[in-house]
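Participant: Take this structure, written in structure tokens, and hold onto it; I'll ask about it next.
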Amino acid sequence: MLYLIDKPMAEIGLRTAAGDPEAHVVLIQDGVYLKPDIDAPVSAVARDVDVRGVSLPPDVDRISYDAVVESLVEQEVKSFV
Numbered sequence: 196m197l198y199l200i201d202k203p204m205a206e207i208g209l210r211t212a213a214g215d216p217e218a219h220v221v222l223i224q225d226g227v228y229l230k231p232d233i234d235a236p237v238s239a240v241a242r243d244v245d246v247r248g249v250s251l252p253p254d255v256d257r258i259s260y261d262a263v264v265e266s267l268v269e270q271e272v273k274s275f276v
């Protein structure tokens, strides 16, 4: 399950993802400012990171929008944007 998380809905999105053993969290837009403490893979959209000048924690991977779109087609998605 792919969880798209932006800052305004982060609390509920991360709480929902934490209960899903299949979760993969993708931080988008202002969500890249978050430092999620979750036991799931976490990625951040590279373009959003670059535009905002954010330094990511070492456990957060950068992902392109193209990769996000590919994942949207392949996986079920929950959006917290």
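Positions 196 to 276 (the numbering used here) are the ones given, in order, by the sequence shown. Ideal placement from N, C-alpha and C gives every residue a C-beta, glycine not left out.
Tell me the rounded alpha-carbon separation between Tyr260 and Tyr228.
Facilitator: Going from the Cα of Tyr260 to the Cα of Tyr228 covers about 17 Å.
Participant: With H, G and I counted as helix, E and B as strand and the rest as coil, what does DSSP make of Ile200?
Facilitator: DSSP places Ile200 in strand when its eight states are reduced to three.
Participant: Per DSSP, what kind of secondary structure is Ser238 in: helix, strand or coil?
Facilitator: It is a strand residue.
Participant: Could you tell me which uninterrupted beta strand (DSSP E) segments, each at least 3 residues in length, are contained entirely in the segment 218-275, listed from first to last along the chain?
Facilitator: Those beta strand (DSSP E) runs which fall completely within the segment 218-275 and span 3+ residues are 219-222, 237-240, 255-258, 272-275.
Participant: Please classify Gly208: does DSSP put it in a helix, a strand, or coil?
Facilitator: If DSSP states are grouped into helix, strand and coil, Gly208 belongs with the helices.
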